[in-house]
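Visitor: The structure follows.
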């Protein structure tokens, strides 16, 4: 709270300390939405500048990290909403590597962990996630990807717990159906 | 659960959060039910790719803090400029162009000679409203009788 007050009073070093301390957290949130470094950095910068102008509204009830997480989530969601939606994925878009990954993993041969394998899996994740609304993506990635609880998602986003549950259910169903489609048409 | 379809269970919760007994029950049902087997396979692979996606995190670069501080100083500098000056800066182009346009119009109005010629009384009388309405020509216009007499006079001369 002191750091926030000092920064609000125009103390440059206090603001610099906030940026240094909470950058990893803000980058972590932005990485859920973007994979390009330039986009993540742009979003993170916007988060800190916005946070500075809104420091007056931070009452210190929760943690500064939680408050910044919420600003980061909303900033990224707004950026994504403003951008053009990606076209819905099609099976013909699958690369050879992605098809191979699905072949191996559906046959139960999924234990090969390598950087390359992870990249292919991440691409596939983006492909199936593209059928979802950004808010649903966020909920599903946090719960199924990061093992976050419903409560944690609710705190990070400002949504009610029932809303998080509904979003996660809807997202999980759509992603499963999209994956089934990919597995059928391989 | 063996005889009960498991698709709702798969959509309600992540596979990772199922207990061991729940997971074995789901797998047992999936082995006997084809549609549930496909759903389970898709849910399992979805969980794998989502976990892989969630692990893809970008770390801040060493220059990020410097970049944000530079942007912050720039923002501060803009906010510290007095409001009237900021208003003038944003409206300067518009005000200047309006002033130039006004000066140009004033120059055209006062400095250039008038180019329209006023109507003379004679011209005005020739196209007076009465003459148009009554179909009357002007005094020097020949009447029908005058034309006829001129023709007959020409015939008499010819004879």
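Residue numbers (my numbering), protein chains in the order written: chain A, 11 to 196; chain B, 14 to 172. Backbone N, C-alpha and C define an ideal beta-carbon position, used for all residues, glycine too. What you are looking at is a predicted structure, and each value in this text was computed from that prediction instead of being measured.
Determine, using beta-carbon pairs with one atom in the segment 58-73 of chain B and one in the segment 148-158 of chain A, whether at least three such pairs fall under 8 Å.
Guide: The segment 58-73 of chain B is in contact with the segment 148-158 of chain A.
Visitor: Can you grab the Cα-Cα spacing for the pair residue 30/B / residue 93/B, in whole Å?
Guide: Mapped onto the second chain, residue 30/B falls at position 17. Mapped onto the second chain, residue 93/B falls at position 80. Their Cα atoms are separated by approximately 53 Å.
Visitor: Determine the direct distance from the alpha carbon of residue 42/A to that of residue 114/A, and round the result to whole angstroms.
Guide: Stepping through the first chain from its first residue, residue 114/A is reached at position 104. Stepping through the first chain from its first residue, residue 42/A is reached at position 32. Approximately 26 Å, taken between the alpha carbons.
Visitor: Could you tell me which whole alpha helix (DSSP H) segments of length 4 or greater appear in the segment 45-113 of chain A?
Guide: Complete alpha helix (DSSP H) runs here, min 4: 47-63, 74-92.
Visitor: Going by Cα to Cα distance, which pick from 102/B, 61/B, 37/B, 123/B is closest to residue 150/A?
Guide: Residue mapping note: residue 150/A aligns to position 140 of the first chain, counting from 1. The shortest C-alpha separation from residue 150/A is found at 61/B.
Visitor: Consult DSSP for residue 156/B and reduce its assignment to one of helix, strand or coil.
Guide: Counting from one through the second chain, the residue named residue 156/B turns up at place 143. It is coil, neither helix nor strand.
Visitor: Could you check what DSSP says for residue 42/B in three-state terms: helix, strand or coil?
Guide: As a working mapping, residue 42/B is identified with position 29 in the second chain. Assigned with DSSP and collapsed to three states, residue 42/B falls in helix.
Visitor: In terms of alpha-carbon separation, which member of 119/B, 46/B, 111/B, 83/B lies closest to residue 22/A?
Guide: Along the first chain, one-based indexing puts residue 22/A at 12. The option with the nearest alpha carbon to residue 22/A is 83/B.
Visitor: Where does residue 54/B fall in DSSP's three states?
Guide: On the second chain, position 41 is the one that residue 54/B refers to. Here residue 54/B sits in helix by DSSP.
Visitor: Indicate whether the contact test is met: 3 or more Cβ pairs, each with one atom in the segment 178-187 of chain A and one in the segment 51-58 of chain B, closer than 8 Å.
Guide: yes
Visitor: Taking its Cβ as the centre, do 16 or more other Cβ atoms sit within 10 Å of residue 103/A, making it buried, or is it exposed?
Guide: The sequence position of residue 103/A within the first chain is 93, counting from 1. Exposed: under 16 other Cβ atoms inside 10 Å.
Visitor: Do you know how far the Cα of residue 46/B is from the Cα of residue 133/A?
Guide: Counting from one through the first chain, the residue named residue 133/A turns up at place 123. Counting from one through the second chain, the residue named residue 46/B turns up at place 33. Taking the straight line joining both Cα atoms gives about 30 Å.
Visitor: Quick one: is residue 33/A buried, meaning 16 or more other Cβ sit within 10 Å of its Cβ, or exposed?
Guide: Position 23 of the first chain, counted from the first residue, corresponds to residue 33/A. So residue 33/A ends up on the buried side.
Visitor: Mind checking residue 42/B: buried by the 16 CB within 10 Å criterion, or exposed?
Guide: Taking the second chain and counting its residues from 1, one reaches residue 42/B at position 29. When all chains shown are included, residue 42/B counts as buried.
Visitor: Does chain A have any CB closer than 8 Å to the CB of residue 186/B?
Guide: Residue coverage of chain B in this structure runs from 14 to 172, which leaves residue 186/B outside it and unanswerable.
Visitor: Residue 157/A by DSSP, collapsed to three states: which one?
Guide: Position 147 of the first chain, counted from the first residue, corresponds to residue 157/A. Residue 157/A: coil per DSSP, three-state reduction.
Visitor: Would residue 158/B be called buried (16 or more neighbouring beta carbons within 10 Å of its own) or exposed?
Guide: Within the second chain, the letter at position 145 stands for residue 158/B. Classification for residue 158/B: exposed.
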